[in-house]
Ligand SMILES: NC(=O)c1ccc[n+]([C@@H]2O[C@H](COP(=O)([O-])OP(=O)(O)OC[C@H]3O[C@@H](n4cnc5c(N)ncnc54)[C@H](OP(=O)(O)O)[C@@H]3O)[C@@H](O)[C@H]2O)c1
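This is how it looks when you write it as structure tokens:
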């Protein structure tokens, strides 16, 4: 089978697109014939040598997939050949990745793809959708009527946070770098979207929520806690998901005087049981057309190195040339 894999970590040029054996399925694993996958920033950190954990050799890149069950392991009970399935959280904490024509995935990570939902759509919503769900519902306990700010409404996570917050009945304010991105944020359901290059974000926030926002979802890798804490409502919740090397200043007094809380979310540490409510809600919302994918580019799997470069230029380099997810398709 064709796969996008690495034998050593390094720049995007380290990625090989070539033949690997189709994986064997054991126990409760399921062999999935992969149709579409999506690229996430974490894929580029791992490929670049972040050394979070020991990688399988060779290491197939990628966390997400959508496809069709080809075969099932001897102890697998949930799926039959021909079933359409999706998953995320592969290629992490020692598991093999998904960027291949076939992938062996334990059935505990798989979800059925709802009828009428395209492979590209579900692949683009998977890791980012689970992350948004864990933070909004598991940690920040979002309620109808809450106000929430998220940086980067057209980003992978930001686009999911907007839509899930609206599903929860919250009022959403977000940012985009261009007029087109601002318009896209509104299409995704944001009540207010600010062009942070040309407008005053703090003033727009004060106008939107004069008593402060209830939830601040930070997608940036360099959070500015003076700004964040200043724009929070009493008893507000801050969600952090990024900033590996960052050691920012922190305004302690207003944080505790406002009785704020702050949560760290990391999707790859959750178990398949903890993830299940996220996957089930995502499926229901996809079926009801309440949740939409925000896809910026669709490329063939053979272009994985190009896709990694593009993701890296945007997430790390802030190139601004992406407005959502990169989805890759196999030749199946
Ligand atoms: N902890 C976890 O479990 C978890 C899960 C997923 C992702 N993450 C991390 O979360 C971060 C975001 O992930 P992602 O997939 O959403 O990345 P992404 O698709 O690259 O989105 C990043 C967003 O940030 C925006 N942005 C960049 N600089 C900005 C600035 N100065 N002001 C306002 N917006 C700015 C960009 O919007 P514009 O183009 O409008 O500037 C873009 O929409 C990454 O660092 C990723 O590694 C963590």
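Residue numbers (my numbering): 7 to 338.
We put the beta carbon where it would ideally sit given N, CA and C, even for glycine.
Item to complete: Would you mind stating whether residue 45 and residue 98 have Cβ atoms separated by less than 9 angstroms?
Response: no
Item to complete: Verify the contact flag: residue 301, CB atom, against every heavy atom of ligand 1, threshold strictly below 8 angstroms.
Response: no
Discussion item. Please return the same chain residues whose Cβ sits closer than 6 angstroms to the Cβ of residue 303, not counting the five positions on each side in sequence.
Written reply: 332
Worksheet entry | the region 111-127 in contact with the region 27-36 per 3-pair CB rule at 8 angstroms | yes
Discussion item. Does the contact criterion of 3 or more C-beta pairs under 8 angstroms hold for the region 73-91 versus the region 49-58?
Written reply: no
Discussion item. So, does the region 10-20 touch the region 276-286, judging by three or more C-beta pairs under 8 angstroms?
Written reply: no
Practice prompt. Could you pull out every residue in the same chain whose Cβ sits closer than 6 angstroms to the Cβ of residue 166, ignoring the five residues on either side in sequence?
Written response: 134, 135, 138
Discussion item. Between which two residues does the beta strand (DSSP E) holding residue 334 run?
Written reply: 331-335
Worksheet item: How about residue 264 and residue 242: do their beta carbons lie closer than 9 angstroms?
Response: yes
Discussion item. Based on DSSP bridge pairs, tell me the residues matched to residue 25.
Written reply: 8
Discussion item. For residue 24, count the other beta carbons within 10 Å of its own beta carbon; 16 or more makes it buried, fewer makes it exposed. Which is it?
Written reply: exposed
Practice prompt. Could you have a look at residue 176 and say whether DSSP puts it in helix, strand or coil?
Written response: coil
Fill in: Cβ-based burial, residue 217 [other Cβ within 10 Å; buried from 16]
exposed
Practice prompt. Could you tell me if the beta carbon of residue 139 falls within a distance shorter than 8 angstroms of some heavy atom in ligand 1?
Written response: no
Worksheet item: Under a three-way DSSP split, which group does residue 187 fall into?
Response: helix
Worksheet item: For residue 305, which beta-bridge partners are listed by DSSP?
Response: 334
Discussion item. Assuming the contact rule is C-beta atoms closer than 8 angstroms, residue 211 and residue 229 should be a hit. Round their C-beta distance to whole Å, please.
Written reply: That belief does not hold up - the Cβ atoms of residue 211 and residue 229 are roughly 15 angstroms apart, past 8 angstroms.
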